[in-house]
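Numbering (the working numbering), first residue to last: 1 to 705.
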Amino acid sequence: MESLLKGLNPQQKKAVTYFDSPLLILAGAGSGKTRVITYKIAYMIEKLRYKPERILAVTFTNKAAKEMKERVEKLVGNSAPVLVSTFHSFCVRLLRTHSVRVGYQPNFLILDTDDKKRLVREIIRDMNLDSELYNPSAIASVISNIKNGLYSPESMTTYYDRIKDIFEIYNKRLKENNAFDFDDLLIYGRELLKSEELQRKYSDFFQYVLIDEYQDTNRIQYEIARALTKDKGNICVVGDEDQCIYTWRGANIENILSFEKDFQNAKIIKLEKNYRCTKVILDAANAVIENNKLRKGKKLYTDNPAGEPIRLYVAESDVDEARFVSKTVKQFLKKGVKPADIAIFYRTNSQSRVVEDALRREGISYKIVGGLKFYERKEIKDIIAYLRVVLFEKDTISLLRILNVPKRGLGSAVEKKLKEILQQETSNIGALKLLSDELRMEKQKKAIEDLIDIVEEIRKKLYNLKPYDLIKFITVSIGYEKYLRKEHPEDWESRVENIKELGNTIQEFSEREKLQGEDLYLEFLSTITLSSDQDELDEEDEKVTLMTVHASKGLEFPIVFITGLEEGLFPHIKSLDTKEEIEEERRLFYVAITRAKRLLSLSYAKKRRSFGSYKDTRKSRFLDEVPTHLIKEVKRKVAKKESERRNAIDFEVVQKKKPKLVFHQKFGKGVVKRVEGVGESAKVTAFFANYGEKTIVMKFLKVIG
DNA sequence: CATTGTTCTCTTTTT
DNA sequence: GAGAACAATG
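Here you go:
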């Protein structure tokens, strides 16, 4: 342990070994935060002899949780079953044991975004509301915001006069389905901890609580953390207000700004030394974030070398931009860079498509983090809906989903009838039976009876078929492949593959967790609705990574491309209204920049396809915030021969953007003659009107032209 | 009454 | 360029 501490700087060491009072670690980007957290856990186990299972570490994503767990295990050996989880999965655990206290059966169901939207759409339709105004996605997010305490239903009635009714019906429907949505997990989790008995039980149990990405916790999460450590001060939170990018989800920057007030005798330790980025990259990041007003204000520094200048490419179109990225990636790969060392970022998921096409054309293999998640694909959700109908007697959302999928001649009329029945009869199978009694057309009656048979067959086979075979059985018995061939002639094969993959995944999960039958599927379903990354299982590292900027938080890559730096895209059009929103976009850009260790490439396209048509764009205001002397512009090589033009589009660094005018405290305005090196330590020779030619380090100059 | 074909809208970020 | 609402067909 002592030797471990040797590798840390004084602040880091202090952060690891401090246990006297609640601790806030303000950890700048790349300041060795993860290292500090893992060492701190190791320190507790080895030095303070805390029981690993009584240490709770909360992270933001399941992926981060998994990584942290692995890193801790690497330090102290496999014998460290530290409880690492997200707030959401922690609450699921709590609720599995105590849900009855808040009026839910323990085998509850968790709705994902898609289920939620379907349910909302249904309610809006049932209420005969104007679907133009009452758009399900918008309403779904309003519901979320209300639940997170961002505002009350009443305050929304100016826009949506029926929102309160929708909200109430929605909650009622969840309850009837014995289901929680994501927000409910936290709300009811906190509710449980309000009971003094449980609060005491859990706060006694946990010897220490660690919370990562504290800047992105919301009020409810804060209250949960507080309940778990009440009066004991055994808490450490780690965050960086400059990286708060989830306020739209209720993340409350206040949590971090007022930590000292909330926790008595709180200690604050700042980590401001960056070990990740080159000077050039860090200079750019600092310059960008300085434009934000709402911050505590800290400035990162680094001992790393200046490194290469930031590259900028101005593309003719989104396709051209993607081609630039893929060609440049290919050049790097040729030079021996590992694919896993390269990442491509974008603001919105929809941007991935063009990039993917370009990468495929170059034969570069890639993986996408996030995006259309595996478990959100239609074919997967269809098959899972059958499983859910079997497992959750009251899951009417899934029941309605499978009613006519695949098509079995049961349309909207039957659906309506079924909904009526469901008002009385809460069990899925019961409702189906009543429905078949009511129907008069033989064909439909038969269809319902077949469906009932299938569901019951699946139930019987839950235990005696292996998971893979059960999925296969579902697929075959409902004739799903035939349905896919017909509905998706283009890509039915890959969809079939996905279903097989699902079978394999459950199979593996079953073997790993040593579960089977109902327990297995219950556990599996709640795990996948909470897991964001589909590639948890395939650890193929020989791939370039594509992801949104949001998904990149907490990660680092030697080479990073940030694409689509255009007004209305990054910053996003929906975040231009208020100063706060723009600052959040800027933090997002800051996060993106600071992921890069060695080389950063920025780009934007002069026109971009957004629906079917091209739209002209303007470059992002954020680009102007990156000091020009840190940037080198890349242009397309003009091919001389016709054959070259057709096949080999190449890109080269042609023009170096030099500062032309600088300002110095004492000398005033100066005209630049020469620049040597890059970044803060670059030497600039300039001519000053009253002082003549001087050579000055960039650090003391301000670029003004 | 269900299915098929057609027009129209919509896209931020995620547990 | 997808998915849902709407209209025409079987």
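Ideal Cβ positions, reconstructed from N, Cα and C, are used throughout, including at glycine.
Would you tell me roughly how many angstroms separate the C-alpha atoms of residue i and residue j, rounded to the nearest one?
i, j, result
"residue 59", "residue 612", "39 angstroms"
"residue 546", "residue 601", "14 angstroms"
"residue 269", "residue 352", "39 angstroms"
"residue 474", "residue 386", "8 angstroms"
"residue 157", "residue 129", "14 angstroms"
"residue 467", "residue 213", "37 angstroms"
"residue 531", "residue 464", "28 angstroms"
"residue 655", "residue 290", "Any reading at residue 655 must be qualified, since the residue scores a pLDDT of 43, below 50, and its modelled position is unreliable; no value is offered."
"residue 285", "residue 666", "27 angstroms"
"residue 137", "residue 112", "13 angstroms"
"residue 16", "residue 302", "21 angstroms"
"residue 696", "residue 683", "6 angstroms"
"residue 537", "residue 93", "Summary for residue 537: the model assigns pLDDT 43, below 50, so the residue's position carries little reliability; its value from the coordinates is reported in the next sentence. Computed Cα separation, rounded: 23 angstroms."
"residue 419", "residue 68", "46 angstroms"
"residue 242", "residue 223", "22 angstroms"
"residue 135", "residue 160", "11 angstroms"
"residue 636", "residue 327", "11 angstroms"
"residue 477", "residue 200", "51 angstroms"
"residue 704", "residue 194", "57 angstroms"
"residue 346", "residue 370", "12 angstroms"
"residue 114", "residue 518", "24 angstroms"
If you drop the 5 nearest sequence neighbours on each side, which residues of the same chain put their C-beta closer than 8 angstroms to that of residue i?
i, result
"residue 439", "414, 417, 445, 448"
"residue 14", "269"
Less than 8 angstroms between the beta carbons of residue i and residue j, yes or no?
i, j, result
"residue 382", "residue 405", "yes"
"residue 253", "residue 221", "no"
"residue 11", "residue 271", "yes"
"residue 626", "residue 343", "no"
"residue 292", "residue 586", "yes"
"residue 307", "residue 278", "yes"
"residue 314", "residue 614", "no"
"residue 329", "residue 310", "no"
"residue 597", "residue 570", "no"
"residue 246", "residue 30", "no"
"residue 42", "residue 76", "yes"
"residue 121", "residue 317", "no"
"residue 702", "residue 662", "yes"
"residue 91", "residue 185", "yes"
"residue 28", "residue 300", "yes"
"residue 172", "residue 140", "no"
"residue 380", "residue 499", "yes"
Who are the near neighbours of residue i in its chain, counting only those whose CB is closer than 6 angstroms to its CB and skipping five residues on each side?
i, result
"residue 312", "602, 631, 633"
"residue 599", "308, 559"
"residue 365", "543"
"residue 388", "395, 398"
"residue 198", "192"
"residue 164", "153"
What residues in its chain sit with their C-beta under 7 angstroms from that of residue i, if we drop five residues either side in the sequence?
i, result
"residue 691", "667"
"residue 443", "409"
"residue 647", "Because the pLDDT at residue 647 is just 48, under 50, the model does not fix this residue reliably, and the value given afterwards should be weighed accordingly. Nothing listed; no residue qualifies."
"residue 472", "503"
"residue 707", "Summary: the structure shown does not reach residue 707, with the chain confined to residues 1 through 705, and so no result is reported for it."
Say the cut is 7 angstroms; is the CB of residue i nearer than that to a heavy atom of the ligand SAH?
i, result
"residue 312", "By its list of ligands, the structure shown contains no ligand whatsoever, and the ligand SAH lies outside what it can speak to."
Whether or not the region 319-333 and the region 356-371 are in contact is what I'm after, with contact meaning three or more pairs of Cβ atoms, one per stretch, closer than 8 angstroms; do they touch? yes
Sequence ranges, alpha helix (DSSP H) only - wholly within the region 518-597, length at least 4: Fully enclosed alpha helix (DSSP H) runs of 4 or longer: 549-552, 579-593.
Are there three or more Cβ pairs, one per stretch, closer than 8 angstroms when the region 96-110 is compared with the region 171-184? yes
The region 561-568 contacting the region 259-267, beta-carbon criterion three pairs below 8 angstroms: no
Which complete alpha helix (DSSP H) runs does the region 94-172 hold, if anything under 4 residues is left out? 113-126, 136-147
Count the C-beta pairs between the region 203-221 and the region 47-64 that are closer than 8 angstroms, then say yes if the count reaches three, no if not. Touching, yes.
Is the region 11-29 touching the region 265-283 in the sense that three or more CB pairs, one from each, lie closer than 8 angstroms? yes
Would you list, in sequence order, the uninterrupted alpha helix (DSSP H) runs of no fewer than 4 residues that lie entirely inside the region 417-493? 428-438, 442-464, 467-477, 480-487
Is the region 419-428 in contact with the region 390-397, if contact means three or more CB pairs nearer than 8 angstroms? yes
Note down, one range per segment and in chain order, each beta strand (DSSP E) of at least 3 residues found wholly within the region 174-261. The region 174-261 contains, as complete beta strand (DSSP E) runs of 3+ residues, the segments 208-211, 235-239 (chain order).
Assess contact between the region 140-150 and the region 77-94, defined as three or more Cβ pairs (one per stretch) separated by less than 8 angstroms. Is contact present? Taking 8 angstroms as the limit for Cβ pairs, the verdict is that the region 77-94 does not touch the region 140-150.
Quick test of the definition: if touching needs 3 or more C-beta pairs under 8 angstroms, does the region 120-129 touch the region 87-99? no
Extract the residue ranges of the beta strand (DSSP E) inside the region 358-392, only unbroken runs of 3 or more that lie entirely within it. 366-368
Please list the segments of the beta strand (DSSP E) lying wholly inside the region 318-360, counting only runs of 3 or more residues, in order along the chain. 342-346
At 3 residues or longer, what runs of the beta strand (DSSP E) sit wholly inside the region 4-48? 23-27
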